[in-house]
Amino acid sequence: MALTPKQQKFCDEFMIDGNATQAAIRAGYSEKTAYSIGQENLKKPEIEKEIKKRQQKHAEKSEMTAEWVLQQYKDIILNTKVEDPAVARSALDSVAKHLGMFKDKVEVTGGMHNTTQNITDLSAEERRARIDELNRRRGNGTHSTA
Numbered sequence: 063m064a065l066t067p068k069q070q071k072f073c074d075e076f077m078i079d080g081n082a083t084q085a086a087i088r089a090g091y092s093e094k095t096a097y098s099i100g101q102e103n104l105k106k107p108e109i110e111k112e113i114k115k116r117q118q119k120h121a122e123k124s125e126m127t128a129e130w131v132l133q134q135y136k137d138i139i140l141n142t143k144v145e146d147p148a149v150a151r152s153a154l155d156s157v158a159k160h161l162g163m164f165k166d167k168v169e170v171t172g173g174m175h176n177t178t179q180n181i182t183d184l185s186a187e188e189r190r191a192r193i194d195e196l197n198r199r200r201g202n203g204t205h206s207t208a
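Below you can see the structure in the form of structure tokens.
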């Protein structure tokens, strides 16, 4: 099934910064529902396929593939060619995220049902708070690691 013009625009906007909520807003969805629409769009197989196709095209064009990122990590670990590993790691993390190598999800299992929460659009502080809340609901106290 072909993407609608709005879904195409969502994909265009998502490729800019990887932020589903902001991509939904820029694509013309309501600001009130942008978070949920953004997350729903990322779960739609045709949109997921389109974004992966675009990420692959960007990787090929830039020659920054997942294998390239892993080689750079290896070089950092071996400290063979990097003067400031923290700066290099941060840059590599950004490239890796753009290539879709990192998935920002928290899975909480147990209790009466399983829950998967997409935390891509949250800050580190918001992620910790979300994880702590999920742990409290499960009766595990606070043990955030994000």
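Position 138 (the sequence shown) corresponds to 200 in our numbering; numbering is contiguous.
The beta carbon of each residue, even a glycine, is placed where N, CA and C say it ideally should be.
Quick check on residue i: does DSSP put it in helix, strand or coil?
{"i": "ASP194", "result": "helix"}
{"i": "GLN70", "result": "helix"}
{"i": "LYS159", "result": "helix"}
{"i": "LEU65", "result": "coil"}
{"i": "PHE137", "result": "The question names Phe, but residue 137 in the sequence shown is Asp. The answer is helix: DSSP assigns ASP137 an H, G or I state."}
{"i": "ARG200", "result": "helix"}
{"i": "SER185", "result": "coil"}
{"i": "SER92", "result": "coil"}
{"i": "GLU122", "result": "helix"}
Between residue i and residue j, is the Cβ-Cβ spacing less than 8 Å?
{"i": "ILE109", "j": "GLN134", "result": "no"}
Would you mind working out which of the options sits nearest residue i, comparing C-alpha positions?
{"i": "LYS71", "options": "GLU145, ALA186, GLU112", "result": "GLU112"}
{"i": "GLY162", "options": "PRO67, HIS120, ALA64, PRO107", "result": "HIS120"}
{"i": "CYS73", "options": "PRO107, LYS94, THR95, GLU93", "result": "PRO107"}
{"i": "SER156", "options": "ASN103, MET77, GLU188, LYS105", "result": "MET77"}
{"i": "VAL131", "options": "LYS159, ASP146, LYS123, LYS115", "result": "LYS159"}
{"i": "GLU75", "options": "TYR91, ALA64, GLU125", "result": "TYR91"}
{"i": "GLU129", "options": "LEU154, GLU145, ARG190, THR66", "result": "LEU154"}
{"i": "PHE164", "options": "ILE193, PRO147, GLN117", "result": "GLN117"}
If I follow the unbroken alpha helix (DSSP H) through residue i, where does it start and stop?
{"i": "ASN81", "result": "ASN81 -> no alpha helix (DSSP H), and no H or E assigned at all."}
{"i": "GLY100", "result": "96-105"}
So with Cβ pairs under 8 Å, would you call residue i a contact of chain D?
{"i": "GLY201", "result": "Chain labels in this structure do not include chain D; a single protein chain is all it has."}
Any heavy atom of the ligand FMN inside 7 Å of the beta-carbon of residue i?
{"i": "ALA82", "result": "This structure does not include the ligand FMN; it has no bound ligands of any sort."}
- Are at least three pairs of beta-carbons, each pair with one atom in the region 64-84 and one in the region 92-102, less than 8 Å apart? yes
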